[in-house]
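Engineer: Numbering (the numbering used here), first residue to last: 932 to 1037.
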């Protein structure tokens, strides 16, 4: 069985990727909206987004709308692929954990 991606597996990042994956390809979410959905601090969210961005899984774009700076976040194609693989591996892990497997290793 393949390992779970450690970048995505951290609970906060898993929640971020899950939300961003629900968006259409090429769509993004504003930082404050993502923060509100997660109920996290801006510093905590920024730290996890930096890790996702460094891994090539997310794009964080800062733009000006009028005179106001706005930060948007989206998943990259690599991020979407990594999440699909993560879900497949997690399902395999969960489906493979049967009672008979647990008893036979005792």
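Beta carbons: idealized from backbone N, C-alpha and C, even for Gly.
None of the values given here were measured: they were computed from a predicted structure.
If you drop the 5 nearest sequence neighbours on each side, which residues of the same chain put their C-beta closer than 6 angstroms to that of residue 943?
Structural biologist: Start at 1 with the first residue of the chain shown, and residue 943 comes out as number 12. Answer for residue 943: 979, listed in chain order.
Engineer: Taking the alpha-carbon positions, what's the residue 950 to residue 1024 distance?
Structural biologist: By 1-based counting over the chain shown, the position of residue 950 is 19. By 1-based counting over the chain shown, the position of residue 1024 is 93. For residue 950 and residue 1024, the distance between alpha carbons rounds to 22 angstroms.
Engineer: To the nearest angstrom, how far is it from the Cα of residue 1001 to the Cα of residue 1027?
Structural biologist: Numbered from 1 along the chain shown, position 70 holds the residue referred to as residue 1001. Numbered from 1 along the chain shown, position 96 holds the residue referred to as residue 1027. Approximately 44 angstroms between the Cα atoms of the pair.
Engineer: Residue 978 lies in the alpha helix (DSSP H); which residues open and close that run?
Structural biologist: Against the chain shown, residue 978 aligns to sequence position 47. Element bounds for residue 978: 973–985.
Engineer: How far does the beta strand (DSSP E) with residue 949 in it reach, from first residue to last?
Structural biologist: Locating residue 949 in the chain shown gives position 18, where the first residue counts as 1. First-last for residue 949: 942–952, but that is the alpha helix (DSSP H), not the beta strand (DSSP E).
Engineer: Got a sec? Which residues, its chain only, sit under 6 angstroms from residue 1020 by beta carbon, not counting five neighbours each side?
Structural biologist: Translated into positions along the chain shown, residue 1020 becomes position 89. So the qualifying residues of the chain are 933, 935.
Engineer: Count the C-beta pairs between the segment 968–977 and the segment 1007–1015 that are closer than 8 angstroms, then say yes if the count reaches three, no if not.
Structural biologist: Segments in contact, no.
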